[in-house]
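Everything on this sheet refers to the single structure shown next.
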Amino acid sequence: MSELAKRSMVGAALIALALAAAVIGGYAFVVLVALASCVLLYEWRRLVKGWGFGWQVAGFLYALVPALALLWIRERSLVGVELLLWVFITTWSVDIGAYFAGRTIGGPKLAPMISPNKTWAGLIGGMIAAALFGGLWVYLLQLPPILYLLAPPFAVAAQLGDLFESWLKRRAGVKDSGTWLPGHGGALDRLDGLVIVASLTAAAMLAGWL
2 MSELAKRSMV GAALIALALA AAVIGGYAFV VLVALASCVL LYEWRRLVKG WGFGWQVAGF
62 LYALVPALAL LWIRERSLVG VELLLWVFIT TWSVDIGAYF AGRTIGGPKL APMISPNKTW
122 AGLIGGMIAA ALFGGLWVYL LQLPPILYLL APPFAVAAQL GDLFESWLKR RAGVKDSGTW
182 LPGHGGALDR LDGLVIVASL TAAAMLAGWL
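Under this note's numbering, the letters of the sequence shown match residues 2 to 211, in that order.
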């Protein structure tokens, strides 16, 4: 099986699991979020072992804040499920758009010292995909119009989160944060963008924008 096929199959299974838990809500979603948060913390602690107490605290916050954000978005917003799915769609669109734009177009590297495979074309492709698919969801569900404007900068923030995670791995001297997910690596590899987008969406709610 090719790497792309393996990556696609695992990605589709993860998407289906996340969508099912988000729609069902309740304990199903809480358990999934809690499990993901625990795995994130576990992988972070392995990466930063020996780096000092501050990094341990940072890892705790890195795992906790997006978990609380996801639960709050799902349960406290007037359009909780719809907004949560926008978070998912925007994050997934960034990853998929950046992956295919980067492989198809190539071109100048975004941050070659941190992540040699990432390109400016991938960054722009991720922004466009997030704006298109996130915007389509906003239009179809009549969500707050501010989300049209938030998708592109959130896409950039998600890719910055991806670069940060790549920097962590490079400093730790590992290729992937884990081996849980064939074709994807570990939870940190897969959820680095969602951590950022969920946290920023919750911040927008706190600011009264949503």
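Every residue, glycine too, gets a C-beta built ideally from N, C-alpha and C.
| field | Span separating the alpha-carbon of Val31 from that of Leu18 | value | 13 Å
| task | Kindly identify the DSSP beta-bridge partner or partners of Ser116. | result | Ala112
| Status (buried if at least 16 other CB within 10 Å, exposed otherwise) for Thr105 | exposed
| task | Leaving out five residues on either side along the sequence, give the residues of the same chain with a beta carbon under 8 Å from the beta carbon of Ser200. | result | The answer, listed in chain order, is Val66, Pro67, Ala70.
| request: Output the distance between the C-alpha atoms of Gly73 and Gly174, rounded to the nearest integer angstrom. | output: Looking at the sequence shown, residue 73 is not Gly but Trp. Between Trp73 and Gly174, the C-alpha separation is close to 35 Å.
| request: Indicate the three-state DSSP secondary structure (helix, strand or coil) for Trp87 in the structure shown. | output: helix
| query | From this set, Pro117, Met10, Val58, which residue's C-alpha is nearest Trp168's C-alpha? | reply | Just measuring C-alpha positions, the residue of Pro117, Met10, Val58 sitting nearest Trp168 is Pro117.
| field | Distance CB(Gly126)-CB(Ala159) smaller than 8 Å | value | No, they are not a contact pair.
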